[in-house]
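Numbering (this note's numbering), first residue to last: 1385 to 1618.
What follows is the structure, encoded as structure tokens:
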């Protein structure tokens, strides 16, 4: 009887250990999966004709708060290029003529619910987190004549004038989004060569191209200046 009792005890311990092992595997599996699948997905979609209207709705709200101290609110990024595939996020630049106006603009945008995030490593460009409940968008305050604004407008305006180049850029972005579905750095790095070649062919000076080229991502633990520099170029 005693031997049977010991055997039953060992069986019970073994069963408990197996149950614990299964529990550990089950609890770790989502964590391992999350390392890849819980990263924001790189989503590039076909052009949506409603994007200009969405921008206009967002612009009106922002412009009402800054019209007397800002020069304009521009629709930048790929959603501002008719026919171009893009990430479905509107990009907007509030343009100011002087750095002295930036603090007041920050205060006024804050009253609308925009959270100031600093320049994120990009000179003369202040980034903001948009309020909840609005269409997905990025908002920046940029200095007129600054490199950040010039970079935002350069590719947009070139692609607006060149539908064939826009179609090719959209094809490349879709291909990269499929190749790097959870890797924003890989997606942006893949676009860099095309962007540089496009701007070079459009006659942009090497100084501007080198600014973009030198801002390569340096890994997840370091700032991503290229990603920030190309924000507004979805």
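Beta carbons are placed, not taken as given, at the ideal position from N, Cα and C, and that holds for glycine. In this text the structure is predicted, and so the values were computed from the model without any measurement.
Tell whether a beta-carbon distance below 8 Å holds between residue i and residue j.
i: residue 1428; j: residue 1550; result: no
i: residue 1511; j: residue 1472; result: no
i: residue 1513; j: residue 1530; result: no
i: residue 1468; j: residue 1524; result: no
i: residue 1461; j: residue 1540; result: yes
i: residue 1444; j: residue 1476; result: no
Can you give me the C-alpha to C-alpha distance between residue i and residue j, rounded to a whole angstrom?
i: residue 1488; j: residue 1505; result: 21 Å
i: residue 1447; j: residue 1544; result: 24 Å
i: residue 1528; j: residue 1482; result: 7 Å
i: residue 1459; j: residue 1542; result: 14 Å
i: residue 1435; j: residue 1583; result: 24 Å
i: residue 1578; j: residue 1538; result: 14 Å
i: residue 1507; j: residue 1433; result: 32 Å
i: residue 1465; j: residue 1570; result: 23 Å
i: residue 1484; j: residue 1591; result: 27 Å
i: residue 1575; j: residue 1557; result: 7 Å
For residue i and residue j, which I take to be in contact (beta-carbon distance under 8 Å), what is that distance rounded to the nearest angstrom?
i: residue 1438; j: residue 1474; result: 6 Å
i: residue 1492; j: residue 1450; result: 6 Å
i: residue 1426; j: residue 1566; result: 7 Å
Just reading off the beta strand (DSSP E) that residue i is part of, what are its end residues?
i: residue 1522; result: 1521–1527
i: residue 1511; result: 1509–1513
i: residue 1502; result: 1499–1502
In terms of residue numbering, what span does the alpha helix (DSSP H) encompassing residue i cover?
i: residue 1490; result: 1486–1495
i: residue 1580; result: 1568–1585
i: residue 1474; result: Here residue 1474 belongs to no alpha helix (DSSP H); instead the beta strand (DSSP E) covers 1474–1480.
Can you check DSSP and say which residues form a bridge with residue i?
i: residue 1429; result: 1470
i: residue 1457; result: 1478
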